[in-house]
Structures are given as structure tokens and as C-alpha cells.
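Notes to accompany the following structure.
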Amino acid sequence: MLEFIAGVFGSSNYWFIVVRSTAPILLVTLGAVITEQAGIKNMALEGSMLWAALVGVLASAATGNVWIGLLAGMAAGVVIALILGLFALKLDANAVLVGVALNLLSTGGTVFTLFAITGDKGISSSLASKTLPMITIPFIKDMPWLGKVLSGQNFIIYVSIVAVIIIHVILNKMTIGRRIRATGENVEAARAAGIDPDRIKFFTLIVSGMLAGLAGCFLSMGYTSNFTSGISAGRGYVANAAQVVAGGTAIGSIFAALIFGVTDAMATFLQNVGLPPELIQALPYAVTIVGFIVVTFFRDRREAARKLKLFTGKEKR
Amino acid sequence: MNKHQEKRSLGKSISMFFTDREALEPALITLFAALFSLLAGVALIFLVSKEPVQSVQNFLLGPFLRKYNIYYMMIAMVPLTFTGLALCIIYQSKHMSLIVDSSFYIGAVVATAVGIHLTLPAGVHPAVAMLAAGTVGGLIGLLPAILKIRWRANELVSSLMLNYVFYFVGSFIILYFLRDRNQSILSSLPFKTTFLLPRLVPNSQLHAGFIIAAVFVVLVSIFMYRTKWGYEIRLIGANQKFASYAGLSVPTVILYSHFVSGFLGGVGGAIEISGLYKAFIWQVNPSYAWDGVIVAMLARKNPKFVPISAFFLAYMRVGADFMSRRGDVAFEFITLLQGMIILILASDKIVNYFKARRLKRTALQQSGQARAVAGGL
């Protein structure tokens, strides 16, 4: 058993799957990070992913062009995020409740749409949808172990790495990033400083919709080659927990997403050892909650120590 | 409510209702949301169906055209009532947890175990199952509350994740401990006959759970509006800081409100399984908690209106089911309508539209008078 696990962890095959399962979570986590930094909780990421996954498949099947499918999918993700923004920001609705509504509407709505178009409720296999290309990277490909893990992955995997850098730059190196954080910290102060909080929040919602859209398209046009009902499997919810684990940073999102990716990929392998698949399937979600608790525990301790120092001028003994 | 109000007659309270704009307007908006969703449903049917008129007729009138559909609606109201009541309590305390989904599902699993393995007389058997399921459901309900109190974890996020964990754990228990291996399809061992709830009407599926649900509506209404605990829950919902300054232990209130809510979910799961089935045969989680969100919102978080909104939702579900079996529109289209209802009712600007307009008009009148007075001077 231990040998088997050691063997799994050493194999490039395992880490290839880890990277593959991490990427979609990473993308949505980034989306959760950027909206949370602006002080709005995007609970509709799950819905964005579902619609993106479906619209991507439909558009690529209709046009025969996978890139149009990808763009249409991302647009669908953005539309859901914008609806959340419209209700939460313009009509004073509770953003979390709007998220719940949009997820409910998306879970059934995607099945309804799929059935109306294909006559099938479960899978879009009757449509000739396209898949996003695999990419071989010239030099990395020849590296002994790393080449097998990092090269030959789906196009979106590399996009997700670029997305980390872009979100990191937006949040830390650009004026808009400062504005986003100012809005998240204190809306009134931001407004007094001449920032339009609603505009900032809408901006972050659009970005998160695009990221969730990319993730959704990857699920139906890369990870698998079809849309299936409930394809996002709660990844949008995981992202909201992973966002906390990430500590609200783009770089932290990589680690947070990896926690999910490692256990998700392990689930695929552990099924071969004869452990009950039901318990293994529960593992990624359970591990995310545990990670969530551990991180908030340390964050609270750090904050308590900081406050103590602030009030007494002494380090905590 | 004070004594003076309690004494007034029914007729008077009805007329009060129609003159009291504060009460009337939100009720009108709720009605509007419900009607709007039905109209949107009709529009959607015309969009996708090849026989739209027949489908619309099946959807809107189907539930009343057949006798069995009326029973079917009453049966469908039972789980909706339980999850709706559970979410009323959560929403009254201004929390968002959706863990009731797990409480309901695991409650059904616990009841299955009781129904298969315990030998008890009829009547006592389902009661024991309900109590066991309720207790386990309540304990599950506590988890997001503990995470919230101890680690400030958003209870909606943690409950959604826990729902996945408990779904897989529940189906693991069914598969490995309670499964009937002689059946080709996934099914638990058959229940003992003492476990099944009695039928209210012969040759129909309408079971005693309908009456139990009605009793629970009364109990929860009393709990929320006639006891100290209900008052405390409403108090922390109205203003958590004020409640804690007033000397209330906010964590305690959050904990027991979540326990009660989970308990209701668990009992609902047990009733559903012992009322409708002869063995546990759910292949997927029926997820009544999401419907419970709409029931609670349509009831304006008030337990006594839960039967009305549960009836409306049951009507929509039965109509959609009837239509989808006879036509080309998928049953799932009602989730679109349900989502719309939540969107409308969650929007303060829409719900308070009349109130805001009235306030604005009075404010303008007053400023007009002030200006006239100032001009006269």
C-alpha cells in the first residue's frame, strides 16, 4: 500500500493528472480572489462555469471553430457574473443569495437548454463539438521527468499560468489593483478618494466571469470532450473556499488549487487500490475544508498577535 | 404581539391587512414574483416547444385536471415544507447555510438503517426513525455553525462543500452496509412493514407525513414567535451586535438555530423515505434544500406561510412533471423559474419599490410645503 502510494507520487503520469485537475480550480479561484478583494462575493462562479461549458460546446459545434466556442463560452461566464452584479449592486440584493439563485438556475437551465437542442438530458455527445488543442513545449518536452508533466498539456493549462501572472500584476502592480483593494477594504473611504466602487466591482466581476468561463470551457472542451449535466461538480464552490486558503493572493491560489488537484488526482489512482470510490470522491472537498480551517486558524493567531503588539507594544510571549 | 392585537377579530385583521401598506406591499410583490415566474415559464415553453399550447395547458392546469395529480401535489408539499421551515429559521437568524441538504439526505439514510435493522411496533418504528434522523440531521446542521463561530468560515461556502462530502458518505453507507445485493439496480434492503407510514387515502400515495408536516408548521411557528428561543433567533437576525450588547450569547443562539434547522431537515428526510418508498432507491440526492430556499423566501421567512409557498412550488413541480412526460419540454425548466423568483425577492430595490416611492412622494410634499412656507415669509 505504502509502496504503491510512493510509486504514485513519483510517477510523472500522476503529476500530469495533478496539473490537469488543478488548472480549472486555479482559474476559478483566481476569479474568486479578485472579486473578494473588491469586497463582493461571487457565489455564481459555479453557474458561470456551467453555462460556459455548455455554450462553448454549442458554439464550437455550430461554427466548427473551437476558438469561437471558447470566446462564446467566456462571454456566457461573463453574462452570469454581470447578472450577479446587476442584482447585487444595482438592485441592492444580497450577493450571496443572488449567487444561490444563479447556481440553481444554471444547474437546471443548462440541462433544459441541452435537452431543447439535442433531446438528451445527460450528455452533448450528439453534437460535433471541438476540443481545445494540446500543446507541446519545445525545450521542456525533452527534459527527463518534468517534460512528461508540463509539456503536452491542454492549451488552457498554460493560459491558467498566464492568468496567475496577469491577476498578480493587476492586483499588485497597477493602479486598478490598488483601487480594487481600497474598495474591498472600505467602500466609503474609496468613494471619498474618488473611486467609483460599483465600477470597480463590475470590473472584477467581468474578470471573474472570464476566468470561470475559461475553466468551464476547459471542462467540456479539454478535460472531457462533451458537456455533461453538472459538469462543474462544485468547483465554483471549492473556489470560494480555496480563495480563503490562498489568502486573497494570485500566487497563493496556486497552492490552494494544488491541494484540490493533488487529492482529486489521487482519487483517480486510489480507486485502483480497492478503496471505496464514494469515500475517495468525498476526499477533495473534505481536504479543501480542512485546508480552509488550518489557514484561518493561523490567520487568526497572526492577527491576534499583531493586535496585541499594536496595543501593548510587546511581542506575544 | 401584545394582548390588544390578539383580541381583534379575524374580519378586522383582514381589513387591517389591506389598509396596512407595510404588510400589503411586500405580499403583493411576492405574489408578483410568483406570477411573473409562471408567465416567464409560459414564454419559455413557447420558445422551445413544438406544441406550445398543449404544453402550457399541461403545465398550468395539469396539476388540477387529474385526481392523482392533486394527491401528488400534496405529497410533494411534504419535503418542501420541511426544508422550507428549516431555511426559515436559518434566514431569520440572517445566516445562509444550505446544510439542510445534507441533513435531509443523511436523515433519509439514518431512517433507512432504522427501518431495516430495528424491530419495533408500527407507529413507534417511524417515530424512532424520525427522532434518530432528526438528531443526526441536527448534529450535521451544527457543523457549518461551528466552523463559522470558531473559524469565521462563511457558512454557505462550508455547507456547500460539506453537502458534497455527506452525499458521498451517505451513498457509501447505503452501498456498503445497507445494500440489497440481490437487486440488479442500486437499492437498500427492504424496510420492515412496521416502518412504512400509513396511507391517508386508499390507492393513493398520500401518506401520514402530510399531517406530520402540518403539525410541524404549527410547532415551528410557535417556536419562532411564541418562545424565548425563537425571539432570540429573530433578535440576532435583526441586529447581531445589539443582541450581543443586550447580553445574549450569540454563538449559543447560532448553534441551536442550526441544530433545530438540521433537525427539521433530518425529520423531513425520514418522512420522505418512510412515506413513499419500500427501500432506499435514490440514485442521486433529490436536493430539496434548494427548493426550500424558494419556499422560505416566498413565505417571507415566516413559518406560518410555508404551507402556501410549499403548495405553490409543489404546483409548479407537478405541472412541470406532467408537462414533461407528455411533451418536449424538460422538467428542469422550473429551476429557471425558481431562480427568477429568488432573484426578484432578494432584490431590496424591487421588494421595497412601493415603499421607496411613497417615502419619496411624502418627502417631496413636505419639502414643497416647507418651501411654500419659506416663500410666504
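Chains as they are written, first to last, in the numbering used here: chain U, 1 to 317; chain B, 1 to 377. All residues carry an ideal CB built from backbone N, CA and C; glycine is no exception.
Residue i in three-state terms, based on DSSP
i, result
"B/Q205", "coil"
"B/Q183", "coil"
"B/N2", "Any reading at B/N2 must be qualified, since the residue scores a pLDDT of 46, below 50, and its modelled position is unreliable; the value itself is stated next. DSSP places B/N2 in coil when its eight states are reduced to three."
"B/Q283", "coil"
"U/N154", "strand"
"U/T249", "coil"
"U/S126", "coil"
"U/M43", "coil"
"B/S188", "strand"
"B/I49", "Here residue 49 of chain B turns out to be Ser, not Ile, going by the sequence shown. Coil at B/S49, not helix or strand."
"U/I137", "coil"
"U/S11", "coil"
"U/S232", "coil"
"B/R66", "coil"
"B/R358", "helix"
"B/S309", "helix"
"B/S103", "helix"
"B/A34", "helix"
"B/S93", "coil"
"B/R199", "strand"
"B/S249", "coil"
"B/A330", "coil"
"B/S221", "helix"
"B/A363", "helix"
"B/S171", "helix"
Cα-Cα separation between residue i and residue j, rounded to whole angstroms
i, j, result
"B/I89", "B/R150", "21 Å"
"U/R235", "U/E46", "7 Å"
"B/P126", "B/S171", "21 Å"
"B/A86", "B/S221", "11 Å"
"U/T136", "U/L54", "27 Å"
"B/P225", "B/S257", "The question names Pro, yet the displayed sequence has Tyr at residue 225 of chain B. Their Cα atoms are separated by approximately 14 Å."
"U/A282", "B/L364", "59 Å"
"B/E272", "B/A108", "7 Å"
"U/L150", "U/F139", "11 Å"
"U/L184", "U/E36", "A small fix is needed here, since residue 184 of chain U is Gly in this sequence, not Leu. The straight-line gap from Cα to Cα measures roughly 7 Å."
"U/A267", "U/I293", "22 Å"
"B/W229", "B/S93", "11 Å"
"B/L162", "B/A145", "12 Å"
"U/K121", "B/L175", "26 Å"
"B/S37", "U/M43", "22 Å"
"U/K130", "U/R181", "39 Å"
"B/F195", "B/A133", "13 Å"
Candidates the options: closest to residue i by CA position
i, options, result
"U/M74", "U/L84, U/G64 and U/A59", "U/A59"
"B/Q338", "B/F354, B/A370, B/V293 and B/P303", "B/V293"
"U/G319", "U/N42, U/N65, U/A72 and U/S48", "This structure cannot speak to residue 319 of chain U, because chain U is shown only from 1 to 317."
"B/G265", "B/G137, B/L186 and B/R325", "B/G137"
"U/D198", "U/I25, U/I40 and U/I123", "U/I40"
"U/I251", "U/A128, U/L275 and U/N172", "U/N172"
"U/L104", "B/I341, B/A214 and B/T194", "B/I341"
"B/R325", "B/V56, B/E22, B/S261 and B/S103", "B/V56"
"B/L142", "B/V215, B/A320, B/S97 and B/S15", "B/S97"
"U/V187", "U/T175, U/I200, U/G230 and U/G177", "U/I200"
"U/F4", "U/F269, U/L86, U/Q153 and U/A305", "U/F269"
Whether residue i touches residue j by CB criterion (9 Å)
i, j, result
"U/A256", "U/G291", "yes"
"U/I157", "U/R20", "yes"
"U/I52", "U/A163", "Sequence inspection shows Ala at residue 52 of chain U; the Ile mentioned does not correspond to that position. Not in contact: U/A52 and U/A163 (Cβ atoms no closer than 9 Å)."
"B/D101", "B/S274", "no"
"B/V318", "B/G84", "no"
"U/T318", "U/S106", "Any question about residue 318 of chain U goes unanswered here, given that chain U covers just 1 to 317."
"B/A384", "B/V78", "Residue 384 of chain B lies beyond the range of chain B shown here (1 to 377); nothing can be said about it."
"U/F218", "U/L132", "yes"
"B/E155", "B/I233", "no"
"U/G31", "U/M210", "yes"
"B/V267", "B/L80", "no"
"U/V238", "U/P277", "no"
"U/A81", "U/S126", "no"
"B/T135", "B/S188", "no"
"B/G262", "B/L139", "yes"
"U/A93", "B/K349", "yes"
"B/M379", "B/I45", "Since the first and last residues shown for chain B are 1 and 377, residue 379 of chain B lies out of range."
Q: Inspect the CB distances between the segment 200-212 of chain B and the segment 225-240 of chain B and report whether three or more fall short of 8 Å.
A: no
Q. Can we say the segment 115-125 of chain B touches the segment 244-260 of chain B, given the rule of at least three CB pairs closer than 8 Å?
A. no
Q) Is there contact here, the segment 179-196 of chain B with the segment 153-167 of chain B, by at least three beta-carbon pairs under 8 Å? A) no
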